[in-house]
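Asker:
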Amino acid sequence: MKADNPVQQAVTWINDPLNWTNPGGIVDRLGEHLWISAAAVALGCLVAWPIGMWLGHAGRGGSVVVMISNLTLAIPTIALLTILPLTFLGFGKPPVIVALAVFAVPPLLANAYTGVRSIDPEARDAARGMGLSGWQVLARVELPLAVPYLAAGFRTASVQVVATAALASFVNGGGLGQIISAGFGLGISVGGGQILAGGVLVALLAILVEAILAVVERAVTPRPLRRARGRAARRAAAATGNA
Numbered sequence: 001m002k003a004d005n006p007v008q009q010a011v012t013w014i015n016d017p018l019n020w021t022n023p024g025g026i027v028d029r030l031g032e033h034l035w036i037s038a039a040a041v042a043l044g045c046l047v048a049w050p051i052g053m054w055l056g057h058a059g060r061g062g063s064v065v066v067m068i069s070n071l072t073l074a075i076p077t078i079a080l081l082t083i084l085p086l087t088f089l090g091f092g093k094p095p096v097i098v099a100l101a102v103f104a105v106p107p108l109l110a111n112a113y114t115g116v117r118s119i120d121p122e123a124r125d126a127a128r129g130m131g132l133s134g135w136q137v138l139a140r141v142e143l144p145l146a147v148p149y150l151a152a153g154f155r156t157a158s159v160q161v162v163a164t165a166a167l168a169s170f171v172n173g174g175g176l177g178q179i180i181s182a183g184f185g186l187g188i189s190v191g192g193g194q195i196l197a198g199g200v201l202v203a204l205l206a207i208l209v210e211a212i213l214a215v216v217e218r219a220v221t222p223r224p225l226r227r228a229r230g231r232a233a234r235r236a237a238a239a240t241g242n243a
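Residue numbers (full-length UniProt numbering): 1 to 243.
Here you go:
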């Protein structure tokens with residue numbers, strides 16, 4: 001293997017302890033990346049979950065959910081990252097968190113709405129028959145039953161945000177993307193290994209988050225619903241295979 005092979009350079013770079021512990025090293029950048037991602041997803045949840053659950057509870061607004069989801073998906077994250085720093089948010093982490101929160105809204109909103117709308121109407125009628133108000137039905141009946149859907153949306157949004165947070169380096173927002181950006185600053189011949197190492201770290205982090213949240217989603221999903229989803233997935237796979 002040649003000494004200038006980017007793969008070998010990446011392995012050497014990752015195995016250098018100083019690249020982990022130095023200021024601005026992997027440990028620091030990983031902490032920034034996780035903080036930015038967690039704040040963005042939390043902000044997205046604060047906005048999307050109440051709207052989605054209320055629209056689902058009200059039994060209307062499906063077109064609004066689709067419109068908001070399509071609108072937020074149509075806005076490129078990189079465009080928001082270049083526009084928001086020119087506002088009162090300035091450069092740094094705040095515009096990155098807001099931009100990533102916008103990116104997190106579609107799966108959070110859609111799953112919150114779907115989770116509430118998928119509840120058996122007889123469960124709502126029984127709750128109302130017991131004298132529960134609309135808010136009590138939402139809080140005591142619909143919200144607990146919608147938790148598996150909320151978890152699914154949270155999982156999707158979290159993985160997307162973690163993977164996209166590498167773009168924070170464009171506005172000096174920190175995160176693992178700074179490693180990639182610094183590598184490009186050195187040039188491909190010198191920093192190629194660092195660029196590759198940064199990309200691998202982002203990918204591994206996204207895979208790890210996906211694996212952890214998949215376990216969490218399964219844990220909060222009742223067994224009957226797991227089996228129903230499994231049967232639906234098998235039917236979809238069979239239909240695809242027969243197409």
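Cβ atoms here follow ideal geometry from the backbone N, Cα and C, with glycine treated the same way.
For Ser158, which of helix, strand or coil comes out of DSSP?
Answerer: The residue given as residue 158 occupies position 158 in the sequence shown. Reduced to three states, the DSSP call for Ser158 is helix.
Asker: Could you tell me the boundaries of the alpha helix (DSSP H) in which Val98 lies?
Answerer: Walking along the sequence shown from the start, residue 98 turns up at place 98. Segment Lys93 to Arg117, the alpha helix (DSSP H) holding Val98.
Asker: Taking Leu100 and Ala146 to be in contact with their CB atoms under 8 Å, please state how far apart those CB atoms are, rounded to whole angstroms.
Answerer: Reading the sequence shown from its first residue, position 100 is the one you call residue 100. Reading the sequence shown from its first residue, position 146 is the one you call residue 146. Contact doesn't hold; Cβ gap of about 24 Å is too wide.
Asker: Quick check: what's the CA-CA separation for Leu208 versus Ala214?
Answerer: Taking the first residue of the sequence shown as position 1, residue 208 is located at position 208. Taking the first residue of the sequence shown as position 1, residue 214 is located at position 214. The alpha-carbon atoms of Leu208 and Ala214 are separated by roughly 10 Å.
Asker: Rounded to the nearest angstrom, what separates Ser37 and Arg128 at their Cα positions?
Answerer: Position 37 of the sequence shown, counting from 1, holds the residue named residue 37. Position 128 of the sequence shown, counting from 1, holds the residue named residue 128. Roughly 39 Å between the two C-alpha positions.
Asker: Could you say if the stretch 11 to 27 and the stretch 180 to 197 meet the contact criterion of at least three C-beta pairs nearer than 8 Å?
Answerer: The stretch 11 to 27 is in contact with the stretch 180 to 197.
Asker: Check whether the Cβ atoms of Val161 and Val47 lie closer than 8 Å to each other.
Answerer: Counting from one through the sequence shown, the residue named residue 161 turns up at place 161. Counting from one through the sequence shown, the residue named residue 47 turns up at place 47. Against a cut-off of 8 Å, the Cβ pair of Val47 and Val161 comes out as no contact.
Asker: Evaluate Arg29 with the Cβ neighbour count: other Cβ atoms within 10 Å of its Cβ, from every protein chain shown; 16 or more gives buried, anything less gives exposed.
Answerer: Along the sequence shown, read from residue 1 onward, the residue named residue 29 stands at position 29. Result: buried.
Asker: Contact check, Val98 vs Leu89 under 8 Å by CB: the rounded distance?
Answerer: Numbered from its first residue, the sequence shown carries residue 98 at position 98. Numbered from its first residue, the sequence shown carries residue 89 at position 89. Between Leu89 and Val98 the Cβ distance is about 7 Å, and since that is below 8 Å, they are a contact.
Asker: Skipping 5 residues on each side, what residues in its chain have a beta carbon closer than 8 Å to that of Leu132?
Answerer: Counted from its first residue, the sequence shown places residue 132 at position 132. So the list reads Arg140 and Val141, once near-sequence residues are dropped.
Asker: Tell me which residues share the same chain as Val137 and place their Cβ nearer than 8 Å to its Cβ, disregarding the 5 neighbours each side in the sequence.
Answerer: Indexing the sequence shown from 1 puts residue 137 at position 137. Correct list, in chain order: His57, Arg124, Ala127 and Arg128.
Asker: Could you tell me if Ser189 is buried or exposed, where buried requires 16 or more neighbouring beta carbons within 10 angstroms of its beta carbon?
Answerer: For the purposes of this step, residue 189 is taken as residue 189 along the sequence shown, with counting starting at 1. It is exposed - the Cβ of Ser189 has fewer than 16 other Cβ atoms within 10 Å.
Asker: What would DSSP say about Gly24, mapped onto helix, strand or coil?
Answerer: Position 24 of the sequence shown, counted from the first residue, corresponds to residue 24. Here Gly24 sits in coil by DSSP.
Asker: According to DSSP, simplified to helix, strand and coil, what is Phe184?
Answerer: Residue mapping note: residue 184 aligns to position 184 of the sequence shown, counting from 1. Helix, per DSSP.
Asker: Reducing DSSP to helix, strand and coil, say where Arg60 ends up.
Answerer: If you number the sequence shown from 1, residue 60 lands on position 60. Coil at Arg60, not helix or strand.
Asker: Express the C-alpha separation of Trp135 and Gly24 in angstroms, rounding to a whole number.
Answerer: Counted from its first residue, the sequence shown places residue 24 at position 24. Counted from its first residue, the sequence shown places residue 135 at position 135. Each residue's Cα considered, the two are about 48 Å apart.
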